[in-house]
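> One structure, as structure tokens, below. Some questions next.
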Amino acid sequence: MWKFALLVLQNLGRNPLRTTLTVLGTMVLVAVVTLVWSILDFLDKQTAEKSNNLKAIITERWRAPSQMPYSYVRGLSEAGATEPDDFRPLDSMTWAFYGGTIDPKNRTRENSVFAFCMEPEKLLTMMDELDEMQGEPKAEFAATVEKLKQNRRGIIVGRELLANLNKRVGERMVLYGFNYKDINLEVEIVGLFPDSRYNKSSAINIEYLLSALDSYKREHNGTPHPLAANPVNIVWLRVPDMAGYQRASDQILNSPSFSNPAVKIETLASGVGAFLESFRDIIFGMRFLLAPAIIATLALVISNAIGISVRERQMEFAVMKVLGFRPNQLLGLVLVESLLVGTLAGFASAALTYFITNDYFGGINIQIAFFSKFYIPQAALWWGPLMGVGTALAGSFLPAWTARSVKVSDVFAKVA
Amino acid sequence: MLPSSLQLDAIRAPLFGCGLVALLLLSGRIPLSYNLYNLLVRWRATVLTLAAFAMVTGLLVVMLAFVNGMYVLTLGSGRPGNLIVMSEGSTDESFSNLGYSDVGDIENQSGILREGDRPLLSRETYLILTQPLPPRAAEEPSFRNLYGLAPPAKPPSRRFLQVRCLDDPLLSARVHKLELFEGGRWFSEAGVSAAKPRAGAAATANEPLAIEVVMGEGIAKQMARDRGEDPRTKPRLDVGDTFELGNRTWVITGVMRSEGLTFDSEVWAKRSLVGPMFGKETYSSLVALTGGEDEARKLKEFLNNDYKKAAVNATLETDYYKSLNETNKQFLVAIVFLTAFFAVGGVFGVMNTMFAAISQRTRDIGVLRLLGFTRWQVLVSFLLESIMIALIGGAIGCALGSLSDGTTANSIVGGQGGGKFVVLRLTVDAATIYSAMLLALSMGIVGGLLPALKAIRLKILNSLR
Amino acid sequence: MPADSALVRVSGIHKFFTRGSERVDVLQNLSLEVPAAQFLGLMGPSGSGKTTLLNLIAGLDSPSEGEIWVGDQEISRMSEAQLARWRTRSVGFVFQFYHLMSVLSAYRNVELPLLLLPLSAAERKRQVLTALEIVGLADRIHHKPGQLSGGQQQRVGIARAIVTDPTLIVADEPTGDLDAKSAEEILDLLQELRTSLGKTIIMVTHDPRAASRADRVLHLDKGRLVNETRAEV
Chain A
1 MWKFALLVLQ
11 NLGRNPLRTT
21 LTVLGTMVLV
31 AVVTLVWSIL
41 DFLDKQTAEK
51 SNNLKAIITE
61 RWRAPSQMPY
71 SYVRGLSEAG
81 ATEPDDFRPL
91 DSMTWAFYGG
101 TIDPKNRTRE
111 NSVFAFCMEP
121 EKLLTMMDEL
131 DEMQGEPKAE
141 FAATVEKLKQ
151 NRRGIIVGRE
161 LLANLNKRVG
171 ERMVLYGFNY
181 KDINLEVEIV
191 GLFPDSRYNK
201 SSAINIEYLL
211 SALDSYKREH
221 NGTPHPLAAN
231 PVNIVWLRVP
241 DMAGYQRASD
251 QILNSPSFSN
261 PAVKIETLAS
271 GVGAFLESFR
281 DIIFGMRFLL
291 APAIIATLAL
301 VISNAIGISV
311 RERQMEFAVM
321 KVLGFRPNQL
331 LGLVLVESLL
341 VGTLAGFASA
351 ALTYFITNDY
361 FGGINIQIAF
371 FSKFYIPQAA
381 LWWGPLMGVG
391 TALAGSFLPA
401 WTARSVKVSD
411 VFAKVA
Chain B
1001 MLPSSLQLDA
1011 IRAPLFGCGL
1021 VALLLLSGRI
1031 PLSYNLYNLL
1041 VRWRATVLTL
1051 AAFAMVTGLL
1061 VVMLAFVNGM
1071 YVLTLGSGRP
1081 GNLIVMSEGS
1091 TDESFSNLGY
1101 SDVGDIENQS
1111 GILREGDRPL
1121 LSRETYLILT
1131 QPLPPRAAEE
1141 PSFRNLYGLA
1151 PPAKPPSRRF
1161 LQVRCLDDPL
1171 LSARVHKLEL
1181 FEGGRWFSEA
1191 GVSAAKPRAG
1201 AAATANEPLA
1211 IEVVMGEGIA
1221 KQMARDRGED
1231 PRTKPRLDVG
1241 DTFELGNRTW
1251 VITGVMRSEG
1261 LTFDSEVWAK
1271 RSLVGPMFGK
1281 ETYSSLVALT
1291 GGEDEARKLK
1301 EFLNNDYKKA
1311 AVNATLETDY
1321 YKSLNETNKQ
1331 FLVAIVFLTA
1341 FFAVGGVFGV
1351 MNTMFAAISQ
1361 RTRDIGVLRL
1371 LGFTRWQVLV
1381 SFLLESIMIA
1391 LIGGAIGCAL
1401 GSLSDGTTAN
1411 SIVGGQGGGK
1421 FVVLRLTVDA
1431 ATIYSAMLLA
1441 LSMGIVGGLL
1451 PALKAIRLKI
1461 LNSLR
Chain C
2001 MPADSALVRV
2011 SGIHKFFTRG
2021 SERVDVLQNL
2031 SLEVPAAQFL
2041 GLMGPSGSGK
2051 TTLLNLIAGL
2061 DSPSEGEIWV
2071 GDQEISRMSE
2081 AQLARWRTRS
2091 VGFVFQFYHL
2101 MSVLSAYRNV
2111 ELPLLLLPLS
2121 AAERKRQVLT
2131 ALEIVGLADR
2141 IHHKPGQLSG
2151 GQQQRVGIAR
2161 AIVTDPTLIV
2171 ADEPTGDLDA
2181 KSAEEILDLL
2191 QELRTSLGKT
2201 IIMVTHDPRA
2211 ASRADRVLHL
2221 DKGRLVNETR
2231 AEV
């Protein structure tokens, strides 16, 4: 076996230009597919149902954006439990969205702040990604959260947002509300989110928003702010398993306390899935049109390169046959050659894509709704070689078969 | 199938390509037959390269057609001369609240066209509702695990339905210049009627009446698709069909001719009935018909700056829809990015073909040079070959990609303020074909140039040896 | 050009290559004249410089020193582009391995050099057919090289060489790859070109039998002319 290795390498080295072009072509195309697959994989994971320790989201039943009264929060946090043996969730969180700008005259994406108004301590236990932190980063963020608890006018901001606002930790700013018109919040930046999907987000203590709504009522002779009745957008629950989710769902949907407006409850995964419904044709296109077409192009590029090299070596294959090489050995020689190129280029590309996107760029910045960043999953490290192997096999089988079935007499006749 | 809007523009790139070929032929005086024969002799490499070109251009056409569909909606939905009035600070209908008394006052401002003493103005309440979906047909691809290798997941259970609640549908239709398909009627003053009982279910006397709606053709198609109807026998829901939402039955009384408008994805119903049902008592917007663009602009300035009764935000309807372009731009950026990568990969493939072509023909090059052909002419000759592959492959790709023209797809168009869920039609137009052919041509030139440069560096005497 | 002067005049040329630091002299102080309408044979062992000399006269290469005149043109001073233009009109080439474009028919192969001249399609057609007639292949014009015998391919090569009506034809081992019978036919044809069309022909060959058909034979060795044989006319 190894004695053939040298032959393979010699052949690849014979036309370094072609080998290089093929490798580069493979790498570029594999990189695109890796990016596309990474996005799909991320979305798939978001919509994959967990069976244990899962999150449920409660929103207004019919209207979007969901708006619920603050009076629902206490009951919903307990999943509507009233009796001692009713089901109680492991944890809960309340979200009210607040959008404000630091420059009301000229509002842009850069000077706008989108904040989760919530219970500060839930940042550590209920926020996706943040609730999985361990060790030192966790302790560090816990200290920041503590500051938010102490300072009711505090705000925790993401790194990119801080840079966009051109502010520093410790600075104060006034946010001029645009979804809560005339509710302007004077906040002090108490700390940063860890480097995460929250780089463009921010978090405010929900108490501050509520008290600002109260002051509005006082200042307007008792007329409440139009949105004061329904400030809560989402209530989150953490439940131990699907059975728990089912009980929580039954309790909430059967409770008379949450009927005006009516609410709905769904697992996080199915909530995300429902949201992605609006993108389903784009996702379909990426999955079944874009990625396959790129892979097919890759197979064509490889097939072309190997085909050319086989045709150029007709004479050599004939000579090797005369020397006693068996047809299948020639077939193998060509296949191994393309497999080697495909696998190595595929792996190199996936690895480069992985490290460049994740470590150098810190994720792909594609804004589909509330997902801000995509990372290349580790699985990409085997997607690459797999694509390489697959396309190399598909692309080189015919050329290899040609090499196998070279007719010695024909080749020599042509040359003579 | 090319759209009827196909104009000279579409063939500009191919025309340019052919022109380039002709020019090169003339300046090179290289026999085209020589290049053609060479392509035929190496038919395997030619076919593979053609196919790669077709893939790249075809895909670009489909992706651009998609974004085009989005632009058709955002640039076409606004009607010049229409002014949309929302509450101050709102940039999107779904967040706007206008008080009753304000509405009455605004509609009496001068500048708004009137018919008798009735102002031509559409009072609207815009709602985004969550509609539970019927279980998805089994053969649709699963959402999970890249290619559905894992067990099929529970299908998504709902969609966002955009409901525009109106006081007077005829007036609103007039403001928005919309008509119904034959056989339909606008919902009645009461807004309800008895629905045809479902097959099998007995009609009961105390069942509440069905809410009457008219809907855009696009959403009618989507609903049929979600229901698993066979698109050949029932491409869309039609007059008399019903659906469930908010514990009520809704019945379709008409389908709007709304292709190319965002209204295509909307359901229109009686405001006094549906608004309170979902807890929205106020109007979200007024759309006023004015004498023309100048009058609309004048009224806009007045309402925004000098109108004191209520704080409102007036926008030309055309501007409002244009502001939803932001998503389109993001998509375009993503497409350009993807295509660039894709094209680079393709170029490497062409280079392989052309380098091989040249190494097979070193002697031909020597002879040509020796007969007195200049380096430039040899360069032209080889460039011609890759350009021919590019043009043919590109044309095939455009033809394949054009098959997507007219296909409907779901997407979101949006800007800073908010967005709309839309059903768009993939639109292949002249600019699409132009861009795709231009890409193919550039790939051909870039991919052919390096090898051609190598060809002309060959020394005559060396290449004959 | 005075009637008595030679068509090709080579005077005092040197040609050397440098290989690394080493200088390899291929031709040394070589002079020669070829009168119009002469059939000249160049013989010599491998590496004697005969092909180099041929290439210099044909304008494919330039001498390191000395002058080469063909007719009233000093080709040793021409730029590459000038040479290319001059070659098209003034020289026809015949090769040992024919060097035809395998994808083109005999007709298209012969037509190739005419594309460089300002001729109408009709004129080109007439000239191509004439050339193919002269070489005796009028019935094979649509065949591709692969469908022709070696002798026939060489005739196409010769037709291509004469189609622009050049005064000078250079041939590098034109019979080197042919069987005896075909070789004889090709040599007949070359002689015919000289006698009836008045072409000046310079032919490099190994083969004494081929050389014997020339009017005059020059022998080269180590870059110098060593002796001269004149055929009895």
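Chains as they are written, first to last, in the numbering used here: chain A, 1 to 416; chain B, 1001 to 1465; chain C, 2001 to 2233. Backbone N, C-alpha and C define an ideal beta-carbon position, used for all residues, glycine too.
1) Could you compute how far the alpha carbon of C/E2192 sits from the alpha carbon of B/I1365?
2) Rounded to the nearest angstrom, how far is the Cβ of A/L76 from that of A/Y245, given a contact under 8 Å?
3) On the three-state DSSP scale, how would you describe C/T2167?
4) Buried or exposed: which applies to A/N205, given that a residue is buried once 16 or more other Cβ atoms fall within 10 Å of its Cβ?
5) Taking the C-alpha atoms as reference points, what is the distance between B/A1343 and B/I1392?
6) Jot down the residue ranges of each uninterrupted alpha helix (DSSP H) in the segment 1343-1402 of chain B, minimum 4 residues, whole runs only, in chain order.
7) Could you check how far apart the C-beta atoms of B/K1300 and B/D1102 are, in whole angstroms? I think they sit under 8 Å.
8) Which one of A/G80, A/T82, A/T20 has the shortest CA to CA distance from A/L344?
9) Identify the residues that DSSP records as bridge partners of B/Q1131: which are they?
10) Does the distance from the C-beta atom of C/A2081 to that of B/T1374 stay below 8 Å?
11) Does the beta carbon of B/F1355 sit closer than 8 Å to a beta carbon anywhere in chain C?
12) Confirm, please, whether the CB-CB distance from B/V1267 to B/L1180 is below 8 Å.
13) My output table needs one value for B/T1091: the three-state DSSP class, helix, strand or coil.
14) So which residues on chain C does B/S1265 lean against when the C-beta distance must stay under 7 Å?
15) Enumerate in chain order the residues of its own chain whose CB-to-CB distance from A/N230 is below 7 Å, with the five nearest sequence positions on each side excluded.
16) Looking at the structure shown, is B/D1176 part of a helix, part of a strand, or coil, going by DSSP?
17) Tell me whether C/G2092 sits in a helix, a strand or coil according to DSSP, three-state version.
18) Quick one: which chain B residues come within Cβ less than 7 Å of A/F178?
19) Do the segment 1105-1124 of chain B and the segment 188-200 of chain A make contact, defined as three or more Cβ pairs closer than 8 Å?
20) Measure the alpha-carbon distance for B/R1227 versus B/A1409 and round it to whole angstroms.
21) Taking 8 Å as the threshold (beta carbon to beta carbon), is A/D281 in contact with chain B?
22) Looking only at its own chain, which residues have a Cβ that is under 7 Å from the Cβ of C/V2091, when we skip the five neighbours before and after it?
23) Beta carbons nearer than 9 Å to chain C: which residues of the segment 1362-1379 of chain B have them?
24) According to a CB-to-CB cut-off of less than 7 Å, which residues of the segment 2065-2099 of chain C neighbour chain B?
25) Buried or exposed: which applies to B/P1231, given that a residue is buried once 16 or more other Cβ atoms fall within 10 Å of its Cβ?
26) Would you verify that the beta carbon of B/L1461 is, or is not, closer than 8 Å to some beta carbon of chain C?
27) I need the DSSP call for B/V1072, collapsed to helix, strand or coil.
28) Can you give the Cα-Cα distance for C/I2141 and C/E2228, rounded to whole angstroms?
29) Any beta-carbon of chain B closer than 8 Å to the one on C/D2025?
30) Tell me which residue opens and which closes the beta strand (DSSP E) that B/W1250 is part of.
31) Which value, in whole angstroms, describes the spacing of the CA atoms of B/E1229 and B/D1241?
32) Tell me the DSSP secondary structure of A/A416 in three-state form.
33) On the DSSP letters alone, give me the boundaries of the beta strand (DSSP E) that A/Q134 sits inside.
34) Using DSSP's beta-bridge definition, name the partner residues of B/T1242.
35) Check whether the segment 1333-1343 of chain B touches the segment 28-35 of chain A, taking contact to mean three or more Cβ pairs, one atom from each stretch, closer than 8 Å.
36) For A/Y176, which beta-bridge partners are listed by DSSP?
With the structure as the only source:
1) Taking C-alpha positions only, C/E2192 is separated from B/I1365 by approximately 30 Å.
2) Their Cβ separation, rounded to whole angstroms, is 14 Å, which puts A/L76 and A/Y245 out of contact at 8 Å.
3) Coil, per DSSP.
4) Under a 10 Å Cβ-count criterion, A/N205 is classified as buried, with 16 or more other Cβ atoms of the shown protein chains found around its own Cβ.
5) Going from the Cα of B/A1343 to the Cα of B/I1392 covers about 16 Å.
6) Whole alpha helix (DSSP H) segments, 4+ residues: 1362-1370, 1375-1402.
7) Cβ-Cβ separation between B/K1300 and B/D1102: approximately 16 Å, too far for a contact (criterion under 8 Å).
8) Looking only at A/G80, A/T82, A/T20, the smallest Cα-Cα distance to A/L344 is reached by A/T20.
9) B/Q1131 pairs with B/R1159.
10) Result yes, Cβ atoms of C/A2081 and B/T1374 sit closer than 8 Å.
11) Taking Cβ atoms only, chain C never reaches closer than 8 Å to B/F1355, which makes this a no.
12) Cβ atoms of B/L1180 and B/V1267: not closer than 8 Å.
13) Taken through DSSP and simplified to helix, strand or coil, B/T1091 comes out as coil.
14) Around B/S1265, no beta-carbon contact reaches into chain C at under 7 Å, the shortest distance being about 57 Å.
15) Q67, M68, P69, listed in sequence order.
16) Correcting the residue type first, residue 1176 of chain B is His in the shown sequence and not Asp. It is helical.
17) In the structure shown, C/G2092 sits in a strand (DSSP, three-state: E or B).
18) Residues of chain B passing the Cβ test: G1089.
19) No contact exists between the segment 1105-1124 of chain B and the segment 188-200 of chain A.
20) So the two alpha carbons sit approximately 16 Å from each other.
21) Output row for A/D281: interface = yes.
22) Closer than 7 Å at Cβ, skipping near neighbours: A2058, G2059, P2166, L2168, V2170.
23) Those residues of the segment 1362-1379 of chain B that come within reach of chain C (Cβ to Cβ, closer than 9 Å) are R1363, D1364, G1366, V1367, L1368, R1369, L1370, L1371, G1372, F1373, T1374, R1375, Q1377.
24) Going along the segment 2065-2099 of chain C in chain order, one finds A2081, A2084, R2085, R2087, T2088, F2093, H2099 with a Cβ nearer than 7 Å to chain B.
25) With fewer than 16 other Cβ atoms within 10 Å, it is exposed.
26) With a threshold of 8 Å between beta carbons, B/L1461 makes contact with chain C.
27) B/V1072 falls in the helix class under three-state DSSP.
28) Answer to the nearest angstrom: the Cα atoms are 40 Å apart.
29) Not a single CB atom of chain B sits nearer than 8 Å to the CB of C/D2025.
30) Per DSSP, the unbroken beta strand (DSSP E) holding B/W1250 starts and ends at 1248-1256.
31) Distance between the alpha carbons of B/E1229 and B/D1241: 13 Å.
32) A caution first: A/A416 carries a pLDDT of 42, below 50, which makes its placement in the model unreliable, though a value can still be read off. Here A/A416 sits in coil by DSSP.
33) Looking at the DSSP string, A/Q134 is not in any beta strand (DSSP E), and its letter there is neither H nor E.
34) Beta-bridge partners assigned by DSSP to B/T1242: B/V1251.
35) Verdict: yes, contact present.
36) Looking at the DSSP assignment, A/Y176 forms a beta bridge with A/T101, A/N184.
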